[in-house]
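*Asks:* Shown below is the structure under consideration.
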Amino acid sequence: MSKRLSMVLAVLALAVVAACGGPTPADTAAAPAGTATATASGAAFPVKVDHLYGTTEIAKRPERIVTIGLSDHEPVLALGFKPIGVVDWFQRTPFTDWPWATSVWGGAQPTVLGLREDGVKMEKLLALKPDLIFAMYSGIQKEHYDQLSKIAPVVAQPKGYDPYAAPWQEMTLLAGRALGEEPKAQRLIAGIKDRFAQARAANPQWKGLTAVAADSFKAGQYFAFQQGDPKSAFLAELGFTVPEKITKEAGKLNGVEFGSERMDLLEVDRLVWLTTGKEPWERIRNDSVYKQLKVAKEGRDLFLTYQDPPIGAALSFNTVLSIPYAIDQIVPLLKK
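If you count by mature numbering (1 follows the signal peptide of the UniProt record, and there is no 0), then the sequence shown holds residues -18 to -1, 1 to 318, one letter each, in order.
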């Protein structure tokens, strides 16, 4: 699945901000210089965080958080904050009904600012009057970052990584710093690392085996995710090796798109398909070239769906919230 967030910002943002007069002094009032405000956990504000487009200062504990990254709401939730605005990746209704996140939302229903392909609806975002905007897993461009910064402080993607390629650990830490909860973020990361270590220790046979996550959008069209993408990164943390040729060919993209003639890219020890359901499964399995792959002939391919059960979605999010669920679900299936 392509992960481009088509943001409707270039056309709307400046015009809407101008029409609304931008954020009011009351909306953006900062603590006096030299004054620190404390969170319930004792963290002091203001805080400064570095990201791809510079440094953002958050003057006080945020209360109206908006996330426009596809999975940004999950580390924010894990750190004890409930975003009031989100982007809907998989159009699940209700939005908060993912099995790994339901209890954390606690019945709250955020405003959906847009769908993955439609982008962010600026009118909705402005109406929420956010005091902090997360755009970590969004591929946000500098011009859009500058426009959003006129509304509220913005935390863009971690620096040093291509769009959509920052590890879940970096995303969690960045969110933790911005929210004054870095120690909690570090504890959450340590807990997940322990879960992966336990899975690897229980399955030493996976070490040295190759694995890749893949998708198919239509007949004869396939996509293999490179190691930097969350889905293949998850498999790597279980002990598998993602083929270097896929990662190298992907470059700054999150994967490689190809036709049936290059199906050899999927000749690995374990192949994990993430699709929308049985129709793509049958189409893939009936591809004459795919049938000739050893991974298909020997039954070393695994088909997962984004819904019911949403194991594929948990892998796609690959956050501090969804990873435990993904480990519980996929490890037994990979062992089979």
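Cβ atoms here follow ideal geometry from the backbone N, Cα and C, with glycine treated the same way.
Going by beta-carbon coordinates alone, are D117 and V137 separated by less than 8 angstroms?
*Replies:* Numbered from its first residue, the sequence shown carries residue 117 at position 135. Numbered from its first residue, the sequence shown carries residue 137 at position 155. The question names Asp, yet the displayed sequence has Ala at residue 117. Contact: yes.
*Asks:* Determine whether the beta carbon atoms of A157 and V58 lie at a separation below 8 angstroms.
*Replies:* Residue 157 sits at position 175 when you count from the first residue of the sequence shown. Residue 58 sits at position 76 when you count from the first residue of the sequence shown. Yes; because the gap between Cβ atoms is below 8 angstroms, this pair is in contact.
*Asks:* Just the C-alpha distance for G62 and T84, rounded to the nearest angstrom, thanks.
*Replies:* Numbered from 1 along the sequence shown, position 80 holds the residue referred to as residue 62. Numbered from 1 along the sequence shown, position 102 holds the residue referred to as residue 84. Going from the Cα of G62 to the Cα of T84 covers about 14 angstroms.
*Asks:* Identify every residue that forms a DSSP beta bridge with W255.
*Replies:* Counted from its first residue, the sequence shown places residue 255 at position 273. According to DSSP, W255 bridges with A196, F285.
*Asks:* Is the separation between the beta-carbon of I47 and that of L114 shorter than 8 angstroms?
*Replies:* Here residue 47 is taken as the residue at index 65 of the sequence shown, counted from 1. Here residue 114 is taken as the residue at index 132 of the sequence shown, counted from 1. Yes, the Cβ-Cβ distance between I47 and L114 is below 8 angstroms.
*Asks:* Considering only C-alpha positions, which residue in the set G67, K279, Q203 is nearest to L108?
*Replies:* Here residue 108 corresponds to residue number 126 of the sequence shown, with the count starting at 1. Of G67, K279, Q203, the residue nearest in Cα terms is G67.
*Asks:* Should the segment 271 to 286 be called in touch with the segment 27 to 47, which here means at least 3 C-beta pairs below 8 angstroms?
*Replies:* As far as the Cβ criterion goes, the segment 271 to 286 does not touch the segment 27 to 47, which means the pair count is below three.
*Asks:* For P28, tell me which candidate among F205, R244, G162, V313 has the shortest Cα-Cα distance.
*Replies:* In the sequence shown, residue 28 corresponds to position 46, counting from 1. Per the Cα distances, G162.
*Asks:* I need the straight-line Cα distance from V254 to G221, nearest angstrom please.
*Replies:* Taking the sequence shown and counting its residues from 1, one reaches residue 254 at position 272. Taking the sequence shown and counting its residues from 1, one reaches residue 221 at position 239. Cα to Cα, the separation comes out at about 14 angstroms.
*Asks:* Assuming Q209 is part of the alpha helix (DSSP H), what are its boundary residues?
*Replies:* As a first step, residue 209 is located in the sequence shown; it is residue number 227 there, counting from the start. Counting along the chain, Q209 falls outside any alpha helix (DSSP H), and DSSP gives it neither H nor E.
*Asks:* On the DSSP bridge assignment, give the partners of G67 in chain order.
*Replies:* In the sequence shown, residue 67 corresponds to position 85, counting from 1. For G67, which the question treats as bridged, DSSP gives the partners V48, T93.
*Asks:* Which residue marks the beginning of the alpha helix (DSSP H) containing L61, and which one marks its end?
*Replies:* In the sequence shown, residue 61 corresponds to position 79, counting from 1. Segment: none, L61 is in no alpha helix (DSSP H) and carries neither H nor E.
*Asks:* Reducing DSSP to helix, strand and coil, say where E280 ends up.
*Replies:* Taking the first residue of the sequence shown as position 1, residue 280 is located at position 298. It is coil, neither helix nor strand.
*Asks:* Run through DSSP, which three-state label would G142 get?
*Replies:* Position 160 of the sequence shown holds residue 142. It is coil, neither helix nor strand.
*Asks:* Buried or exposed for S214, please, with buried defined as at least 16 other CB atoms from any protein chain shown within 10 angstroms of its CB.
*Replies:* Indexing the sequence shown from 1 puts residue 214 at position 232. With 16 or more Cβ atoms within 10 Å of its Cβ, S214 is classed as buried.
*Asks:* Grab me the residues of L130's own chain with a C-beta within less than 6 angstroms of its C-beta, minus the 5 sequence neighbours each way, in chain order.
*Replies:* Mapped onto the sequence shown, residue 130 falls at position 148. For L130, where only same-chain residues beyond five positions count, the Cβ hits under 6 angstroms are I115, V136.
*Asks:* Are I174 and I305 closer than 8 angstroms when you measure CB to CB?
*Replies:* Here residue 174 is taken as the residue at index 192 of the sequence shown, counted from 1. Here residue 305 is taken as the residue at index 323 of the sequence shown, counted from 1. Contact flag set, yes.
*Asks:* Look at the alpha carbon of G294 and the alpha carbon of K103, and state the distance between them as a whole number of angstroms.
*Replies:* Residue mapping note: residue 294 aligns to position 312 of the sequence shown, counting from 1. Residue mapping note: residue 103 aligns to position 121 of the sequence shown, counting from 1. When rounded, the distance between both Cα atoms is 27 angstroms.
*Asks:* What residues in its chain sit with their C-beta under 6 angstroms from that of P112, if we drop five residues either side in the sequence?
*Replies:* To locate residue 112, count along the sequence shown from 1; it is residue 130. Excluding residues within five positions, the ones whose Cβ falls inside 6 angstroms are R46, V48, A134.
*Asks:* Helix, strand or coil: how does DSSP classify V86 here?
*Replies:* In the sequence shown, counting from the first residue as 1, residue 86 sits at position 104. Three-state result, V86: helix.
*Asks:* Taking just the CA atoms, how far does A184 sit from W150?
*Replies:* Working through the sequence shown from its first residue, we reach residue 150 at position 168. Working through the sequence shown from its first residue, we reach residue 184 at position 202. Whole-angstrom Cα-Cα distance: 23 angstroms.
*Asks:* Count the other CB atoms within 10 Å of the CB of D211; is the residue buried (16 or more) or exposed (fewer)?
*Replies:* In the sequence shown, counting from the first residue as 1, residue 211 sits at position 229. Counting Cβ neighbours within 10 Å, D211 comes out buried, since at least 16 surround it.
*Asks:* Measuring CB atoms only, is the segment 73 to 84 touching the segment 176 to 193, in the sense that at least three cross pairs come out at less than 8 angstroms?
*Replies:* Output reads no: the segment 176 to 193 does not touch the segment 73 to 84.
*Asks:* Which of helix, strand or coil does DSSP assign to T78?
*Replies:* As a working note, residue 78 is residue 96 in the sequence shown. Coil, per DSSP.
*Asks:* Since I228 and V194 are thought to touch, with beta carbons under 8 angstroms apart, how far apart are those beta carbons, to the nearest angstrom?
*Replies:* Reading the sequence shown from its first residue, position 246 is the one you call residue 228. Reading the sequence shown from its first residue, position 212 is the one you call residue 194. Indeed, because the Cβ distance is near 6 angstroms, the residues count as touching under 8 angstroms.
*Asks:* Where do the N-terminal and C-terminal ends of the beta strand (DSSP E) with I309 fall, by residue?
*Replies:* On the sequence shown, residue 309 is found 327 positions in, with the first residue counted as 1. Per DSSP, I309 belongs to no beta strand (DSSP E); it is in the alpha helix (DSSP H), 304 to 317.
*Asks:* Check L110 in the structure and name its three-state DSSP category.
*Replies:* Here residue 110 corresponds to residue number 128 of the sequence shown, with the count starting at 1. The answer is helix: DSSP assigns L110 an H, G or I state.
*Asks:* Can you tell me where the beta strand (DSSP E) with F299 in it begins and where it stops?
*Replies:* If you number the sequence shown from 1, residue 299 lands on position 317. Element bounds for F299: not the beta strand (DSSP E) but the alpha helix (DSSP H), 293 to 299.
*Asks:* Run through DSSP, which three-state label would A15 get?
*Replies:* Translated into positions along the sequence shown, residue 15 becomes position 33. Because the pLDDT of A15 is 31, which lies under 50, any placement of that residue in the model is unreliable, and the number read from its coordinates should be weighed accordingly. Coil at A15, not helix or strand.
*Asks:* Helix, strand or coil for A117, going by three-state DSSP, please let me know.
*Replies:* The sequence position of residue 117 within the sequence shown is 135, counting from 1. Looking at A117 - three-state DSSP - the assignment turns out to be strand.
*Asks:* Quick test of your reading: K52 and Y119, contact by CB under 8 angstroms. State the CB separation rounded to the nearest angstrom.
*Replies:* Taking the sequence shown and counting its residues from 1, one reaches residue 52 at position 70. Taking the sequence shown and counting its residues from 1, one reaches residue 119 at position 137. It should be pointed out that residue 52 corresponds to Leu in this sequence rather than to Lys. Indeed, because the Cβ distance is near 5 angstroms, the residues count as touching under 8 angstroms.
*Asks:* Skipping 5 residues on each side, what residues in its chain have a beta carbon closer than 6 angstroms to that of V313?
*Replies:* Locating residue 313 in the sequence shown gives position 331, counting from the first residue. So the list reads A181, once near-sequence residues are dropped.
*Asks:* Could you pull the start and end residues of the beta strand (DSSP E) that G158 belongs to?
*Replies:* One-based indexing of the sequence shown puts residue 158 at position 176. No beta strand (DSSP E) contains G158, which is instead part of the alpha helix (DSSP H) from 150 to 160.
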